[in-house]
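S.K.: Provided herewith is a single structure, encoded as C-alpha cells, for subsequent inquiry.
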Amino acid sequence: MTSFDDNQTGRKFLATSTTEKLLLAFTVLLILLSSVYLISKSLTLNFGQYQQYRSAIVELQEQDSIFNQEILKSRYELFADYDPLVRSLATQKTIAARLQDIPDLGFSDERQAIEPILSEIRTSLENRENLSERFKSRNALLKNSLRYLPLLTTKLEAKFEAQEQAQILTSEQISSLRTTLNSLIRNLLLYNVAAEEKLESDITALSQRLAQLDVQYELSEEQFPTEIVKSHANIILKLKPQIEQLTAQLLEPLDQYTKSLEATIDNSYQQAVDEVGVYRLLTLFWFLMLLIVANYFLLKRWQQINPGLSRYKKQIGKLTAVLTELSQSQQVASETDNPSGLTSDSSDQLPDHLWSPGDASLATLATVPSAASKSELVALADRPDELGQLAQRVQDIVGKRVESEQVADDEKSLASLTACLTLITQNRQRMISPTTIESLKNLFEQALKTWGCQLIDLQGSLEQVQIIFSYPPQVQLLPLVAQLKAVSASYLEQNLGDIITNINHENQIWSSSYALHSCDVPSSMITEQSSITSNK
Numbered sequence: 111m112t113s114f115d116d117n118q119t120g121r122k123f124l125a126t127s128t129t130e131k132l133l134l135a136f137t138v139l140l141i142l143l144s145s146v147y148l149i150s151k152s153l154t155l156n157f158g159q160y161q162q163y164r165s166a167i168v169e170l171q172e173q174d175s176i177f178n179q180e181i182l183k184s185r186y187e188l189f190a191d192y193d194p195l196v197r198s199l200a201t202q203k204t205i206a207a208r209l210q211d212i213p214d215l216g217f218s219d220e221r222q223a224i225e226p227i228l229s230e231i232r233t234s235l236e237n238r239e240n241l242s243e244r245f246k247s248r249n250a251l252l253k254n255s256l257r258y259l260p261l262l263t264t265k266l267e268a269k270f271e272a273q274e275q276a277q278i279l280t281s282e283q284i285s286s287l288r289t290t291l292n293s294l295i296r297n298l299l300l301y302n303v304a305a306e307e308k309l310e311s312d313i314t315a316l317s318q319r320l321a322q323l324d325v326q327y328e329l330s331e332e333q334f335p336t337e338i339v340k341s342h343a344n345i346i347l348k349l350k351p352q353i354e355q356l357t358a359q360l361l362e363p364l365d366q367y368t369k370s371l372e373a374t375i376d377n378s379y380q381q382a383v384d385e386v387g388v389y390r391l392l393t394l395f396w397f398l399m400l401l402i403v404a405n406y407f408l409l410k411r412w413q414q415i416n417p418g419l420s421r422y423k424k425q426i427g428k429l430t431a432v433l434t435e436l437s438q439s440q441q442v443a444s445e446t447d448n449p450s451g452l453t454s455d456s457s458d459q460l461p462d463h464l465w466s467p468g469d470a471s472l473a474t475l476a477t478v479p480s481a482a483s484k485s486e487l488v489a490l491a492d493r494p495d496e497l498g499q500l501a502q503r504v505q506d507i508v509g510k511r512v513e514s515e516q517v518a519d520d521e522k523s524l525a526s527l528t529a530c531l532t533l534i535t536q537n538r539q540r541m542i543s544p545t546t547i548e549s550l551k552n553l554f555e556q557a558l559k560t561w562g563c564q565l566i567d568l569q570g571s572l573e574q575v576q577i578i579f580s581y582p583p584q585v586q587l588l589p590l591v592a593q594l595k596a597v598s599a600s601y602l603e604q605n606l607g608d609i610i611t612n613i614n615h616e617n618q619i620w621s622s623s624y625a626l627h628s629c630d631v632p633s634s635m636i637t638e639q640s641s642i643t644s645n646k
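Taking our numbering, I'd label the letters of the sequence shown as residues 111 to 646.
Structure representation (C-alpha cells):
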C-alpha cells in the first residue's frame with residue numbers, strides 16, 4: 111500500500127513538473143512572438159519611398175507648368191517650336207507611370223484612394239496628347255497664313271510700281287488697293303491676338319471690299335492675287351477660334367489631381383507615423399514590463415538564496431516605522447522641493463547592502479522631525495548594532511536637509527532675473543551729463559516700477575547710458591525697452607533742447623541700435639541682500 115502511494119505521488123510530481131515546463135515554454139514563446147510583432151510594427155515606416163513618391167508629384171506639377179508655358183509660346187509666337195511640347199508631354203507620362211508604384215505605408219485604404227486619382231491623371235494626359243496634335247496642325251496652318259500675308263505685301267509693292275510705270279493701274283487705284291490690303295492684314299494680325307467681334311466684321315468687310323476692287327479694276331490673278339488673300343483671311347478667321355478653344359483645353363492644369371494625390375499620400379503618411387508612434391510606445395511599455403517582471407523574479411530568487419537579507423529588512427522596517435510616525439504630522443510635498451528627501455550624496459553614505467530602490471520610503475521620510483520623534487531617533491542611534499549605525503546616518507541626513515533648506519531659502523531671496531540695457535545717442539552726440547544721469551535714474555526707476563521691475567544700477571558717459579535692472583520672468587523685454595527709450599527721449603527733448611543738434615523729433619535722440627543681455631547681480635547687491643538676511 112505504501113509503495114502504491116509513493117508511485118502515485120511520483121507520478122503527480124512528474125505531471126506537475128511537465129505542466130510547468132510546458133507552461134513556461136508557452137509563455138516564453140508568447141513573449142518572443144509579441145516582441146517580434148511589436149518591433150516589426152515599430153519599423154514598418156519607409157520614409158524613403160514616401161519622399162520619392164512625393165518628389166514625383168512635385169516634378170509632375172513642374173512639368174505641367176512647363177507644358178502650359180510652351181503652349182502659350184507656340185500660340186502667340188510667330189515661329190513655333192513644338193519639340194518642347196513633345197518632350198514635356200513625354201516626361202509627364204513617364205512620371206505618371208512612376209506614380210503607379212504606390213508606396214506601402216501599411217494602409218489598404220490608401221491604394222483605393224490613390225488609384226482613381228492616377229486613373230484621372232492618365233486620362234487627362236491622353237486627352238492632352240490628342241489635343242496637342244490637333245493644336246499643332248491647326249496652329250501651323252494659322253502661323254503659315256499670318257507669315258504669308260506680310261510677305262505678300264512686300265511682293266505686291268514691286269508689282270504696284272511696275273504696273274504704275276506701265277500705266278496698267280493708276281496711282282489712285284494702286285493707293286486704294288494698298289490701303290485696303292494693309293487694313294485687312296493689320297486687322298488679321300490684331301484678330302490673332304485679340305478676341306473682338308468688331309475685328310471679325312471689319313475683316314469680312316475688307317475682304318468684300320478687296321473683291322469689289324478686283325472686279326471694278328478688272329484685275330487678273332497675276333496682277334493682284336485677290337483669291338489667295340481671301341483664302342488666307344478665311345483660314346485665319348476659321349482656325350483662330352478653334353485654336354483658342356484647344357489652347358484653353360490644353361491649359362487645364364493637373365493641379366486638381368496632383369493636389370488631391372498629394373493630400374492623400376500626406377494623410378496616409380501621417381496616419382502611418384501616428385500608428386508607428388503608438389506601436390513604439392507600446393513596445394517601450396512592453397519591454398519595461400518585461401524588465402520589471404524579470405527584476406522581480408531575480409530579486410525574489412536572490413532573496414531565497416541569501417536568507418540573511420531578511421534580518422536587515424526587519425531592521426530597516428523598524429527604522430521606517432519610526433520615520434513614518436515622525437512624518438505623519440508634516441506635509442512632506444509642500445515642505446521639500448526634492449520629493450526624494452535624500453540627495454544622491456546622502457544615499458551614497460548608506461551601506462550598499464542596506465540601500466535599494468525598494469526602500470525609497472526612507473528617503474521620502476527624511477524630513478525635519480518633531481522633538482518627540484527626534485528623541486526616538488536618538489535612542490535608535492545609541493544602539494550598538496547596524497540599526498544604530500543606520501539611525502546615525504539618517505540623523506546626519508536630516509541635519510544636512512535642514513541646512514540645505516536654509517541655504518535654499520537664502521538663495522530664493524536672491525533669485526531674480528537681471529538684464530543690462532545699453533542705450534546710445536543718435537550719431538553718438540555728447541549730451542549726457544552727471545546731472546542728467548541722476549535725473550534719468552529717477553525716471554527709469556519710476557518707469558521700471560510700473561512693470562514690476564527694479565532698478566539696480568545706472569551708469570553712463572557723454573554718449574551712452576547703461577541700465578542694470580531686475581525683472582520678473584513674465585515681463586516681455588522688447589516692449590519694456592521701447593517704453594524706457596520713449597520716456598527718456600521725451601525727457602531729454604524737453605530739458606536738453608538747446609544742447610541737442612540736428613534732431614527734430616524725440617524719436618531721433620536714441621539710436622535705433624541698443625544692447626540688451628542678461629547679467630549677474632552686482633556683488634554690491636549680493637552683499638547688501640546677504641547682510642539683510644543675516645540680520646533677520
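For glycine and all other residues, C-beta sits at the position ideal for the given N, C-alpha and C.
Give a yes or no on whether the C-beta atoms belonging to L356 and R238 are separated by under 7 angstroms.
M.R.: no
S.K.: If you draw a straight line from the alpha carbon of F554 to that of N537, how long is it in whole angstroms?
M.R.: 23 angstroms
S.K.: Could you tell me if E220 is buried or exposed, where buried requires 16 or more neighbouring beta carbons within 10 angstroms of its beta carbon?
M.R.: So E220 counts as buried.
S.K.: Output the boundary residues of the beta strand (DSSP E) element that contains Q584.
M.R.: Where Q584 is concerned, there is no enclosing beta strand (DSSP E), given that its DSSP letter is neither H nor E.
S.K.: Could you tell me the distance, in whole angstroms, from the CA atom of Q210 to the CA atom of W396?
M.R.: 38 angstroms
S.K.: Measuring only the C-alpha atoms, how far is L287 from L299?
M.R.: Going from the Cα of L287 to the Cα of L299 covers about 18 angstroms.
S.K.: Let me know the alpha helix (DSSP H) ranges lying completely inside the stretch 154-221, each 4 residues or longer, listed in chain order.
M.R.: 157-186, 193-208
S.K.: Can you list, in chain order, the residues of its chain whose CB lies under 7 angstroms from that of V146, leaving out five sequence neighbours each side?
M.R.: none
S.K.: Looking at the secondary structure, which residues open and close the alpha helix (DSSP H) in which Q326 lies?
M.R.: 307-327
S.K.: For I542 and L572, I'd like the C-alpha separation in whole angstroms.
M.R.: 4 angstroms
S.K.: Would you call K183 buried or exposed, if buried means 16 or more other Cβ atoms sit within 10 Å of its Cβ?
M.R.: exposed
S.K.: Which residues in the same chain as D376 place their Cβ atom closer than 8 angstroms to its Cβ, once the five residues preceding and following it in sequence are excluded?
M.R.: For D376, the CB contacts under 8 angstroms within the same chain, skipping 5 residues up- and downstream, are R164 in chain order.
S.K.: Looking at the strands, I want to know which residues DSSP matches up with W620.
M.R.: W620 pairs with T535.
S.K.: For L527, which residues does DSSP report across the bridge?
M.R.: Y581
S.K.: According to DSSP, D567 sits in a beta bridge with which residue or residues?
M.R.: For D567, DSSP records a beta bridge to I578.
S.K.: To which residues does DSSP link H627 through a beta bridge?
M.R.: C530
S.K.: Using a Cβ-Cβ cutoff of less than 6 angstroms, which residues in the same chain neighbour T393 once the five nearest sequence positions on both sides are dropped?
M.R.: L148, S152
S.K.: Does the beta-carbon of P213 have 16 or more other beta-carbons within 10 angstroms, so that it is buried, or is it exposed?
M.R.: buried
S.K.: On a Cα-Cα basis, can you pick out the residue from K265, T233, I295, Y186 that is closest to K253?
M.R.: Y186
S.K.: In or out: C563 buried (at least 16 other Cβ within 10 Å) or exposed?
M.R.: buried
S.K.: In the DSSP assignment, the alpha helix (DSSP H) including R296 goes from what residue to what residue?
M.R.: In the DSSP assignment, R296 falls within the alpha helix (DSSP H) that extends over 281-303.
S.K.: Look at L195 and S234 and say whether their C-beta atoms are less than 7 angstroms apart.
M.R.: no
S.K.: Can you tell me whether F334 is helix, strand or coil according to DSSP?
M.R.: coil
S.K.: Is it buried or exposed, R503, if we count other Cβ atoms within 10 angstroms and call 16 or more buried?
M.R.: buried
S.K.: Please work out which residues of its chain come closer than 8 angstroms, Cβ to Cβ, to A321, disregarding the five sequence neighbours upstream and downstream, and give them in chain order.
M.R.: Excluding residues within five positions, the ones whose Cβ falls inside 8 angstroms are T336, K340.
S.K.: Pair every Cβ in the stretch 362-369 with every Cβ in the stretch 131-141, then say whether three or more of these pairs are closer than 8 angstroms.
M.R.: no
S.K.: Classify T128 as helix, strand or coil using the three-state DSSP reduction.
M.R.: The answer is helix: DSSP assigns T128 an H, G or I state.
S.K.: If you compare alpha carbons, which of S317, G158, A404, L590 is closest to I141?
M.R.: A404
S.K.: Suppose you measure from the CA of Q604 to the CA of I619; what does that come to, to the nearest Å?
M.R.: 11 angstroms
S.K.: When you compare only the Cα positions, how much space is there between A473 and D506?
M.R.: Low per-residue confidence applies at A473: pLDDT is 40, beneath 50, and the placement is therefore not dependable, though the value from the model is reported in the following sentence. Each residue's alpha carbon lies about 13 angstroms from the other.
S.K.: May I have the straight-line CA-CA distance separating N249 from L364, to the nearest angstrom?
M.R.: 23 angstroms
S.K.: Could you say which of L279, F334, L347 lies nearest to K308 if we only look at CA atoms?
M.R.: L347
S.K.: Which of the three DSSP states, helix, strand or coil, is assigned to L364?
M.R.: coil
S.K.: Between Y160 and L215, how many whole angstroms is the CB-CB distance? I'm expecting something under 8 angstroms.
M.R.: 7 angstroms
S.K.: Thinking just about the alpha-carbon of each residue, which of T263, Q318, L550 is nearest to the one in A596?
M.R.: L550
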